[in-house]
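Q:
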Amino acid sequence: MVDQSQRDHWLHYLLLHSWADPLLYQSYLPLGGTGVYDQYGQPYNTTRVVDLKRGLLNLTAYKEYSPLSLPTTFTAVYSIAFALATSAIIHTALYHGQSIWDKIKNIKTKDKDVHAKLMCNYPEVPNWWYWSYFIVFTVFSVIMIEVYDTGLPIWGLFLALFVALAYVLQGEFIFAMTSQQISIYLVAEIIPGYLLPGKPFSNMLFKTFSVQSLLVGLAFIQDLKLGHYMKILPRVTFVVQIVAAILSAVVQIGVKKFLVATVPDLCDKHQANILTCPNTSFF
26 MVDQSQRDHW LHYLLLHSWA DPLLYQSYLP LGGTGVYDQY GQPYNTTRVV
76 DLKRGLLNLT AYKEYSPLSL PTTFTAVYSI AFALATSAII HTALYHGQSI
126 WDKIKNIKTK DKDVHAKLMC NYPEVPNWWY WSYFIVFTVF SVIMIEVYDT
176 GLPIWGLFLA LFVALAYVLQ GEFIFAMTSQ QISIYLVAEI IPGYLLPGKP
226 FSNMLFKTFS VQSLLVGLAF IQDLKLGHYM KILPRVTFVV QIVAAILSAV
276 VQIGVKKFLV ATVPDLCDKH QANILTCPNT SFF
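All you need for my numbering is the position in the sequence shown, starting with 1, plus 25.
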């Protein structure tokens with residue numbers, strides 16, 4: 026039986042938190058949304074606290090200006106992200122651990138299906154192809170972070186790639202069974218935030234390498250699986266994927282540089298053609 030104190034508690038919650046608080050503070054700080062606000066309820070002006078030339082946080086200016094205020098949307102997103110960071114690993118270990126271990130030991134758990142038998146007629150992609158691709162673009166990444174003075178140390182680059190690698194196996198199991206890609210946004214934010222404090226540009230670059238490496242890796246494996254079912258030569262699938270990745274990167278960089286140079290209010294909240302860059306602003 027519910028006692029008087031419990032009834033009072035829920036009555037207080039319903040009247041104040043579910044009704045009064047939204048009415049009082051909705052105009053001051055939205056309950057939902059992807060924006061970040063200052064203590065005055067205005068969109069947070071990052072240029073006041075970040076040295077754009079050096080990519081460093083001005084802690085004195087931050088204390089003088091305002092701490093960050095986040096809508097409740099972030100509470101839900103971060104709670105789910107924290108749960109996902111560990112549950113993806115535990116779920117994969119509990120439900121697929123034995124199968125993974127058998128594959129590691131090269132033990133056949135079942136006979137090859139018809140697709141695998143037919144694909145045996147085609148030569149596999151040599152391992153050195155993958156290693157060559159990895160080494161070449163890792164070298165390019167190292168050159169980029171050093172030449173452009175990003176503030177991200179080389180060990181930070183390799184740690185970012187390791188974080189992505191740590192979630193590839195779990196991500197593929199979940200992606201294959203549910204068609205849903207897992208996200209490691211929060212993990213890729215917390216690690217550099219702790220190891221590289223006061224360096225927002227370095228943090229964002231670390232996050233980019235981690236998140237994008239995982240997403241592109243999942244897409245690459247998905248296409249290899251499609252090629253497997255469609256009986257496309259593995260080497261052809263590999264080459265097509267690499268060429269497409271290079272072309273798409275060049276085109277994206279070209280288009281974005283063109284837009285930045287020709288659209289003065291690009292990504293502005295009130296941009297005339299609604300080029301508000303929602304994904305970029307949130308990322």
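Glycine included, every Cβ here is placed at the ideal spot set by N, Cα and C.
Within a Cβ cutoff of 7 Å, which residues of the same chain sit near R73, ignoring the five residues on either side of it in sequence?
A: A86, Y90
Q: Excluding five sequence neighbours on each side, which residues of the same chain lie with their C-beta closer than 7 Å to the C-beta of L313?
A: Given that the chain is displayed from residue 26 to residue 308, the structure contains no residue 313 and the question cannot be resolved.
Q: Taking only runs of the alpha helix (DSSP H) that begin and end inside the stretch 206 to 250, which ones reach a length of at least 4 residues, in chain order?
A: 210 to 220
Q: Please list the terminal residues of the continuous alpha helix (DSSP H) segment that includes S112.
A: 97 to 129
Q: The alpha helix (DSSP H) that contains T262, what's its start and end?
A: 259 to 287
Q: Hey, how far is the Cα of I278 from the Cα of L77?
A: 21 Å
Q: Based on Cα-Cα distance, which residue from V188, R260, N83, K130 lies nearest to L211?
A: Nearest of V188, R260, N83, K130 to L211, Cα basis: V188.
Q: What residue range is occupied by the uninterrupted alpha helix (DSSP H) comprising S157?
A: 152 to 172
Q: Given 8 Å as the limit, is there contact between the stretch 231 to 249 and the stretch 176 to 195, that is, 3 or more CB pairs closer than that?
A: yes
Q: Starting from Y90, trace the alpha helix (DSSP H) in both directions and tell me its first and last residue.
A: Its alpha helix (DSSP H) spans residues 84 to 90.
Q: If you count every other CB in all the chains shown that lies within 10 Å of the CB of T134, and 16 or more means buried, which is it?
A: Annotation note: pLDDT 49 at T134 (below 50); position unreliable, coordinate value reported separately. When all chains shown are included, T134 counts as exposed.
Q: Are the stretch 194 to 203 and the stretch 90 to 108 in contact at 8 Å, needing three or more beta carbon pairs?
A: Between the stretch 194 to 203 and the stretch 90 to 108, the count of C-beta pairs closer than 8 Å stays below three; the two stretches do not touch.
Q: Return the chain-ordered list of same chain residues with a C-beta closer than 8 Å to the C-beta of L291, the five sequence neighbours on each side being excluded.
A: L284, V285, L300, C302
Q: Answer with buried or exposed for F236, where buried requires no fewer than 16 other C-beta atoms within 10 angstroms of its C-beta.
A: For the sequence presented, residue 236 should be read as Val rather than Phe. Burial state of V236 is buried, judged by a 10 Å Cβ sphere holding 16 or more other Cβ atoms.
Q: Can you tell me whether K88 is buried or exposed? The criterion is at least 16 other CB atoms within 10 Å of its CB, across all chains shown.
A: Exposed: under 16 other Cβ atoms inside 10 Å.
Q: Based on the DSSP output, what are the partners of Y62 in its beta bridges?
A: P68, S94
Q: Tell me which residues share the same chain as Y62 and place their Cβ nearer than 7 Å to its Cβ, disregarding the 5 neighbours each side in the sequence.
A: L54, P68, Y69, S94
Q: Quick one: is G80 buried, meaning 16 or more other Cβ sit within 10 Å of its Cβ, or exposed?
A: buried
Q: Return the CA-CA distance between P259 and V150, expressed in angstroms with no decimal places.
A: 6 Å
Q: Can you check whether the CB of L177 is closer than 7 Å to the CB of I168?
A: no
Q: Once DSSP output is grouped into helix, strand and coil, what is the label at M26?
A: Note on M26: pLDDT 45, under 50, position unreliable in the model; the coordinate value appears next. Here M26 sits in coil by DSSP.
Q: Which residues mark the beginning and the end of the alpha helix (DSSP H) in which G196 is found?
A: Counting along the chain, the alpha helix (DSSP H) containing G196 begins and ends at 193 to 203.
Q: For N228, count neighbouring C-beta atoms within 10 Å of its own C-beta (all shown protein chains included) and say buried if the count is 16 or more, exposed if not.
A: buried
Q: Looking only at its chain, what residues have a beta carbon closer than 6 Å to the beta carbon of F183, apart from the 5 residues adjacent to it on each side?
A: none
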